[in-house]
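Participant: Going by my numbering, the sequence shown opens with residue 251, and the numbers climb by one from there. In this text, a Cβ means the ideal position worked out from N, Cα and C, and glycines have one as well. Pasting a structure here, questions to come.
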Amino acid sequence: MAKTDSTFQRRMQKHLDELKWLYMELYQNTDMFSELCDKMYEYYTGRSQSLKKRDGAREKNSAWYKKNDMLGMMLYIDNFAGNLKGVEKKLDYLEQCHVNYIHLMPFLDTIEGRSDGGYAVADFRRIKKELGSMEDLESLADACHEKGLNVCMDFVMNHTSEEHEWAKRARAGEGEYMSRYFFFDNDAIPAAYERTVPQVFPVTAPGNFTWLPEIGHYVMTTFYPYQWDLNYKNPRVFNEMMYNFLFLANKGIDIMRIDAVPYIWKELNTSCRNLPQVHTIVRMMRMIGEIVCPSVILLGEVVMEPEKVVPYFGTVEKPECHMLYNVTTMATTWNSVATGDIRLLKQQMDIVSSLPKAYVFLNYLRCHDDIGWGLDYRYLMQFGIGEVSHKKYLNDFLTGQYPGSFAKGELYNSDPASGDARLCGTTASLCGIEKAQEEEDKEALEKAVCLDLMLHAYMFVQSGIPVLYSGDEVGQVNDYTYHENPAKQDDSRYLHRGNFNWELAGKRAEKGSVQERIFAGLEIMEKIRKKVSVFGADSDVWTIDTWDDSVLGLIRANKKEKLVALFNFSGQDKTAWINEDDGEYTDLLSGRKMQAKGVDIPGYGVYWLLKRG
Ligand code: GLC
């Protein structure tokens, strides 16, 4: 196909050699490569004028997503507003939340009861009926763009639903389609894989293979048995999935969240995680995006320790993902909530702060998934804290079992064999708001609201993009109705996937209500973060000693401003024994003027002390 468009040609020229090199390295297939290039041109020409304009503008301003005005929110379309049209009608509310990026949780076609919250996609080109149509998505994306909102969606590329067209044809025995998955007619190879591959859902979906009696084969299913792993050794799989990516990008998506990306390449005798070929694929995806739709950025979902996460940024010359989740900081934050001790969190902040400023992390307190206790146990061991007993303590505390605990969470994938378990619950419930409200304990409620706000203040101070979990902005508590729903009751992540409560949200207008205090408290922080330059990505960030193990001290500084941020992770009043340079600081949150020396800080209190010049 003659690819005559000069913009396309320019972008293609920039990447062609490398793209071809990597493609050949994996697939040694020139025909499939030229098909890929033809299709890229097709998707490029199929892109709307307004998206092309967006591409052009963002090519010139490629750091657009690194600014401190970015604020995200993730939400379930049905929980939030019924369907896509409903979300479009609620954009005013999102604007009031000062959000300029919304992550629409999975909305593609899936099978009820076997959907893993939408992460088992049956058709990448069709929207789940109840949520609307592709036209609705395009219309929502247009409306978002008009209001300055970016749209994020999940691109679930590791697997398809067993009801996907390919899976159905594979199950019917069509070799061409079987080769798009991992099929084995006896258990020798599956058993060999099981020796080195860990389990994602050891309790709710044990093992990495599923036996299909009707065709006498095993199929690889790393996640749920109805999620069949795609075989990226087959270039047809790679090409088709890239076409799906571009198809969705052309609907107006700005941020592609690459779901479960570390898992996409499998090799026998390995853990099947983070293999080098995964990086080749992500790098190719990045280039394909930069050629066809450069306004679209990649958010990698790598829920692993920092050493494993960082390589997904790629290198300066060969970047991969634009953004990655700051998952260890999130989990370590909840560790500090449960222990009242910030030492591990300080160590984690030191690691993150030492990374190149070009890395953009997505910071969050809660998301749709559980909290996994991927902490730095080598560090904790120096205090005699062992992994198994510590996880038990964290889970006991955050499920409210531990004496004196204020939290209400539930366990997730609790494995009696290993003693391991993860945790679910909303921010408000984990902070004690739910329990205090039930017990009508005003003092406890006061503390819980302070803790909730302090945690958000901490999230906002970190470098990167803060993303709110819908409902958290009005202190929404756990939803226990999933216990009665057979399609959901085995998956405790539904505890924090409840319907958005609009009645409750309405109370944000009532002065002094929990909703108003949280909503207004966050609003102050959101506005400051967008306006004050020290929150920018170019600031230096480091931790300081406060000489109190429950008070975290962080500094952000640029040429003009210095911010001393203090966070008390205990319920008791404390003093931060800091001694920062002379002069008056202003607490941005309260307006109070003070020195940054020997600062008294109330239980679950926070200060953002700013000095200019
Ligand atoms: C990701 C999602 C999670 C899902 C899994 C399988 O980790 O965040 O919700 O269960 O992928 O697709």
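1) Assign Val638 to buried or exposed, taking buried as 16 or more other Cβ atoms, counted over all protein chains shown, within 10 Å of its Cβ.
2) Decide if Tyr730 is buried, meaning its Cβ has at least 16 other Cβ atoms within 10 Å, or exposed.
3) Alpha carbons only, please: which of Gly624, Ile778, His572 and Glu773 is nearest the one belonging to Ser312?
4) Return yes when the Cβ of Cys347 is within less than 9 Å of the Cβ of Ile503, no when it is not.
5) Less than 8 Å separating the Cβ of Ala370 from some heavy atom of the ligand GLC?
6) With a threshold of 7 Å on Cβ separation, who are the neighbours of Ala698 within its own chain once the five nearest residues in sequence on each side are excluded?
7) Given 8 Å as the limit, tell me if His409 has its C-beta closer than that to any heavy atom belonging to the ligand GLC.
8) For Ala438, count neighbouring Cβ atoms within 10 angstroms of its own Cβ and tell me buried if that reaches 16, exposed if not.
9) How would you write the range of the alpha helix (DSSP H) that Leu518 sits in, first residue to last?
10) Report buried or exposed for Val487, applying the criterion of at least 16 other Cβ atoms within 10 angstroms of its Cβ.
11) Say whether the stretch 610–618 touches the stretch 555–574, bearing in mind that this needs 3 or more beta-carbon pairs closer than 8 Å, one atom from each stretch.
12) Quickly, what does DSSP pair Thr460 with across the bridge? List them, please.
13) I want to check one thing, is the minimum distance from the CB of Asp366 to the heavy atoms of the ligand GLC below 8 Å?
14) Pull up the distance between the alpha-carbon of Gly628 and that of Ile635, whole angstroms please.
15) Would Arg364 pass as a contact of Tyr474 if the rule is Cβ separation under 9 Å?
16) If the criterion is Cβ atoms closer than 9 Å, does the pair Met324 and Ile352 meet it?
17) My understanding is that Cys674 touches Leu745, with C-beta atoms under 8 Å, so please give their C-beta distance in whole angstroms.
18) Given this structure, state the Cα-to-Cα distance separating Tyr291 from Val532, to the nearest angstrom.
19) Measuring CB atoms only, is the stretch 792–802 touching the stretch 817–824, in the sense that at least three cross pairs come out at less than 8 Å?
20) Would DSSP call Arg862 helix, strand or coil?
21) Report the residue ranges of all beta strand (DSSP E) runs contained in full by the stretch 392–443; include only those spanning at least 3 residues, in chain order.
22) So what's Gly725 in DSSP terms, helix, strand or just coil?
23) Under the criterion of a Cβ to heavy atom distance below 8 Å, does Val699 qualify as lining the ligand GLC?
24) Check each candidate in Lys810, Asp823, Asp740 and Gly714 and name the one with the smallest Cα separation from Val453.
25) For the beta strand (DSSP E) that Ile851 lies in, which residues bound it at each end?
26) How about Pro356 and Val337: do their beta carbons lie closer than 9 Å?
27) Does DSSP put Cys543 in a helix, in a strand, or in coil?
28) Starting from Glu570, trace the alpha helix (DSSP H) both ways and give me its first and last residue.
29) Please classify Asp509 as buried or exposed, where buried requires at least 16 neighbouring CB atoms within 10 angstroms.
30) Excluding five sequence neighbours on each side, which residues of the same chain lie with their C-beta closer than 7 Å to the C-beta of Leu625?
31) Starting from the C-beta of Pro440, find all residues in its chain whose C-beta is less than 8 Å away, skip the five residues before and the five after it, and write them out in chain order.
32) Following the continuous alpha helix (DSSP H) through His618, name the residue where it begins and the one where it ends.
33) Below 8 Å, is the gap between the Cβ of Gln477 and the nearest heavy atom of the ligand GLC?
34) Rounded to the nearest angstrom, how far is the Cβ of Thr579 from that of Val552, given a contact under 8 Å?
35) In chain order, which continuous runs of the alpha helix (DSSP H) of length 4 or greater are located wholly inside the stretch 262–327?
36) Would you kindly work out how many angstroms separate the C-alpha atoms of Met506 and Glu830, rounded to a whole number?
Facilitator: Answer, in terms of the structure:
1) One-based indexing of the sequence shown puts residue 638 at position 388. Answer is exposed; the Cβ neighbour count stays below 16.
2) For the purposes of this step, residue 730 is taken as the residue at position 480 of the sequence shown. Tyr730 should be labelled exposed.
3) Stepping through the sequence shown from its first residue, residue 312 is reached at position 62. Considering only alpha carbons, the answer is His572.
4) Against the sequence shown, residue 503 aligns to sequence position 253. Against the sequence shown, residue 347 aligns to sequence position 97. In this structure, Cys347 does not lie closer than 9 Å to Ile503 by Cβ.
5) Within the sequence shown, numbered from 1, the residue matching residue 370 stands at position 120. Ala370 Cβ: within cutoff of the ligand GLC.
6) For the purposes of this step, residue 698 is identified with residue 448 of the sequence shown, where counting begins at 1. The residues are Phe656, Cys681, Gly682, Ile683 and Ala686.
7) The residue you call residue 409 lines up with position 159 of the sequence shown. Yes, Cβ of His409 sits closer than 8 Å to a heavy atom of the ligand GLC.
8) Locating residue 438 in the sequence shown gives position 188, counting from the first residue. Ala438 is exposed by the Cβ-count criterion.
9) To locate residue 518, count along the sequence shown from 1; it is residue 268. First-last for Leu518: undefined, no H or E at that position.
10) By one-based count along the sequence shown, residue 487 stands at place 237. The residue is buried, with at least 16 neighbouring Cβ atoms inside 10 Å.
11) yes
12) One-based indexing of the sequence shown puts residue 460 at position 210. Paired residue(s): Val469.
13) Start at 1 with the first residue of the sequence shown, and residue 366 comes out as number 116. Yes, the ligand GLC has a heavy atom inside 8 Å of this Cβ.
14) Numbered from its first residue, the sequence shown carries residue 628 at position 378. Numbered from its first residue, the sequence shown carries residue 635 at position 385. Here residue 628 turns out to be Arg, not Gly, going by the sequence shown. Straight-line Cα distance between these residues: approximately 9 Å.
15) Translated into positions along the sequence shown, residue 364 becomes position 114. Translated into positions along the sequence shown, residue 474 becomes position 224. Contact: yes.
16) Within the sequence shown, residue 324 is the residue found at index 74, counting from 1. Within the sequence shown, residue 352 is the residue found at index 102, counting from 1. Yes, these two residues count as a Cβ contact at 9 Å.
17) Residue numbering aside, residue 674 sits at position 424 when the sequence shown is read from its first letter. Residue numbering aside, residue 745 sits at position 495 when the sequence shown is read from its first letter. Right, their Cβ atoms sit about 5 Å apart.
18) Taking the sequence shown and counting its residues from 1, one reaches residue 291 at position 41. Taking the sequence shown and counting its residues from 1, one reaches residue 532 at position 282. Taking the straight line from one Cα to the other gives about 20 Å.
19) yes
20) Here the question's residue 862 lines up with position 612 in the sequence shown. DSSP places Arg862 in strand when its eight states are reduced to three.
21) 400–405 and 409–411
22) Start at 1 with the first residue of the sequence shown, and residue 725 comes out as number 475. DSSP places Gly725 in coil when its eight states are reduced to three.
23) Position 449 of the sequence shown, counted from the first residue, corresponds to residue 699. Incorrect: Val699 has no Cβ contact closer than 8 Å to the ligand GLC.
24) Position 203 of the sequence shown, counted from the start, is the residue given in the question as residue 453. Of the listed residues, the one whose Cα sits closest to Val453 is Asp740.
25) For the purposes of this step, residue 851 is identified with residue 601 of the sequence shown, where counting begins at 1. Run containing Ile851: Lys847 to Ile851, per the beta strand (DSSP E) assignment.
26) Taking the first residue of the sequence shown as position 1, residue 356 is located at position 106. Taking the first residue of the sequence shown as position 1, residue 337 is located at position 87. No. Outside cutoff.
27) For the purposes of this step, residue 543 is taken as the residue at position 293 of the sequence shown. Three-state DSSP puts Cys543 in coil, outside helix and strand.
28) Your numbering for residue 570 matches position 320 in the sequence shown. Premise fails: Glu570 is in no alpha helix (DSSP H) and is neither H nor E.
29) For the purposes of this step, residue 509 is taken as the residue at position 259 of the sequence shown. With 16 or more Cβ atoms within 10 Å of its Cβ, Asp509 is classed as buried.
30) As a position in the sequence shown, residue 625 is number 375, starting the count at 1. Cβ within range, chain order: Ala581, Thr582, Asn585 and Leu594.
31) Residue mapping note: residue 440 aligns to position 190 of the sequence shown, counting from 1. Contacts found: Phe434, Asn458, Phe459, Tyr468 and Met470.
32) For the purposes of this step, residue 618 is taken as the residue at position 368 of the sequence shown. Taken as a continuous stretch (DSSP letters only), His618 belongs to no alpha helix (DSSP H), as it is neither H nor E.
33) For the purposes of this step, residue 477 is taken as residue 227 along the sequence shown, with counting starting at 1. Result yes, Cβ under 8 Å from the ligand GLC.
34) As a working note, residue 579 is residue 329 in the sequence shown. As a working note, residue 552 is residue 302 in the sequence shown. Not really, about 13 Å apart at Cβ, beyond 8 Å.
35) 280–296 and 299–310
36) If you number the sequence shown from 1, residue 506 lands on position 256. If you number the sequence shown from 1, residue 830 lands on position 580. Distance between the alpha carbons of Met506 and Glu830 is about 42 Å.
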